[in-house]
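Colleague: So in full-length UniProt numbering, spot 213 of the sequence shown is number 213, and the numbers just go up one at a time.
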Amino acid sequence: MAFRLAPTSASEGFRLEAHDSVGSTNAVALDHARAGDPGNLWVVSKKQENGRGRRGRAWLSPEGNLAATLLVITKAELRLAATLGFVAGLALSDALDAVVPKGRIAVGLDGASEGRNRFELKWPNDVLASGAKLAGILLESAVLEGGRFGVAVGIGVNVVAFPDDLPYPATSLGALGATCDAETLFLALSDAWSENARLWNDGRGLSAIRQRWLKRAAGLGGQVAVRIDGNVVRGTFETIDEDCRFVIRDDQGSVLTIAAGDVHFGAVASARV
């Protein structure tokens, strides 16, 4: 099966550029932005040679995994454009729900499925299954003429394989017993993106996105440790604020709002991170 757009996505003017292998789908998308592409372009591949994660970390994407980037051209201020990562998380979790049969996998930080979302969203940019990282999201941007920005919304999903040398648990759809392939997942993702992007509405619907995201939030109400520039803050994960920043109540009872950091839950939050 070849990569293709969902009918809803194609009817809304989205376009598709598919590769067998690529260095980085984000890099390709931003090259298109600098060359004058109008946006709403999906760049997808089943293999990525030089993928990147947050803070410059490598993101390995061997044959059969999904590397997908949507190029968005916008005049929205970068503060709002950054919340497209939350739109991406919701779109991907919706797509996973659509293509993975219910009852096939148990998902949650404790491995239990009853009363839990099967796929959970970890602030700011991960999708978890059974408490392990299944997918990552990376936003990169380029300044364009006319006060516009090109935003590459990169989505990497462990479909058939996951790295085993990470400092945190990871998994893949294959390891969880799901038989979905990258092409089928992308088809559902392109459809789910359209729905969630309409809700986001150039940032005007951010409040609704925030509420949807919180319903899928991993670790909400539990103990958390956040590493910020080498320092670790511990407390209880209370919410995300109206700008989708991470809000915790520390052990002294003070409320802290965090714009960027590495989050650890549960037992890891109590240990040295």
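Glycine included, every Cβ here is placed at the ideal spot set by N, Cα and C.
Quick check on the DSSP output: the alpha helix (DSSP H) that includes W213 runs from which residue to which?
Modeller: Per DSSP, W213 belongs to the alpha helix (DSSP H) from 206-215.
Colleague: Is any beta-carbon of chain C found at less than 9 Å from that of S141?
Modeller: Among the chains of the structure shown, chain C does not appear; only one protein chain is present.
Colleague: For the candidate residues K215, L220, I248, whose alpha-carbon lies nearest to that of L227?
Modeller: The sequence given here has Arg at residue 227, not Leu. The option with the nearest alpha carbon to R227 is I248.
Colleague: Assuming R148 and I209 make a contact with CB atoms under 8 Å, what is their CB distance in whole Å?
Modeller: Their Cβ separation, rounded to whole angstroms, is 22 Å, which puts R148 and I209 out of contact at 8 Å.
Colleague: Give every residue of the same chain whose Cβ lies closer than 7 Å to the Cβ of D191, excluding the five residues on either side of it in the sequence, and list them in chain order.
Modeller: Cβ neighbours of D191 beyond the five flanking positions: A6, T8, S9.
Colleague: Measuring CB atoms only, is the segment 28-36 touching the segment 209-226, in the sense that at least three cross pairs come out at less than 8 Å?
Modeller: The segment 28-36 is not in contact with the segment 209-226.
Colleague: According to the Cβ coordinates, are E120 and A218 closer than 9 Å?
Modeller: The answer is yes: Cβ separation under 9 Å.
Colleague: For a minimum of 4 consecutive residues, which ranges assigned as the alpha helix (DSSP H) are wholly contained in the segment 142-215?
Modeller: As far as the segment 142-215 is concerned, its whole alpha helix (DSSP H) runs of at least 4 residues are 182-200, 206-215.
Colleague: Rounded to the nearest angstrom, how far is the Cβ of L185 from that of L80, given a contact under 8 Å?
Modeller: So it is not a contact: roughly 27 Å between Cβ atoms.
Colleague: Going by DSSP, what residue range makes up the beta strand (DSSP E) through L5?
Modeller: Premise fails: L5 is in no beta strand (DSSP E) and is neither H nor E.
Colleague: Residues in its own chain within less than 7 Å of D241 by CB, not counting five upstream and five downstream?
Modeller: V247, T257.
Colleague: Is G89 helix, strand or coil when you go by DSSP?
Modeller: Helix.
Colleague: Buried or exposed: where does A259 fall if 16 or more other Cβ atoms within 10 Å of its Cβ makes it buried?
Modeller: Label assigned to A259: exposed.
Colleague: Identify which residue in G230, D181, A142, Q223 has its Cα closest to the Cα of E77.
Modeller: Nearest of G230, D181, A142, Q223 to E77, Cα basis: A142.
Colleague: What residue range is occupied by the uninterrupted alpha helix (DSSP H) comprising T25?
Modeller: Per DSSP, T25 belongs to the alpha helix (DSSP H) from 25-34.
Colleague: I need the straight-line Cα distance from A170 to G156, nearest angstrom please.
Modeller: So the alpha carbons of these two residues sit roughly 13 Å apart.
Colleague: Going by beta carbon distance, what residues of the same chain come within less than 7 Å of D37, once the five residues before and after it are set aside?
Modeller: Here the set comprises L71.
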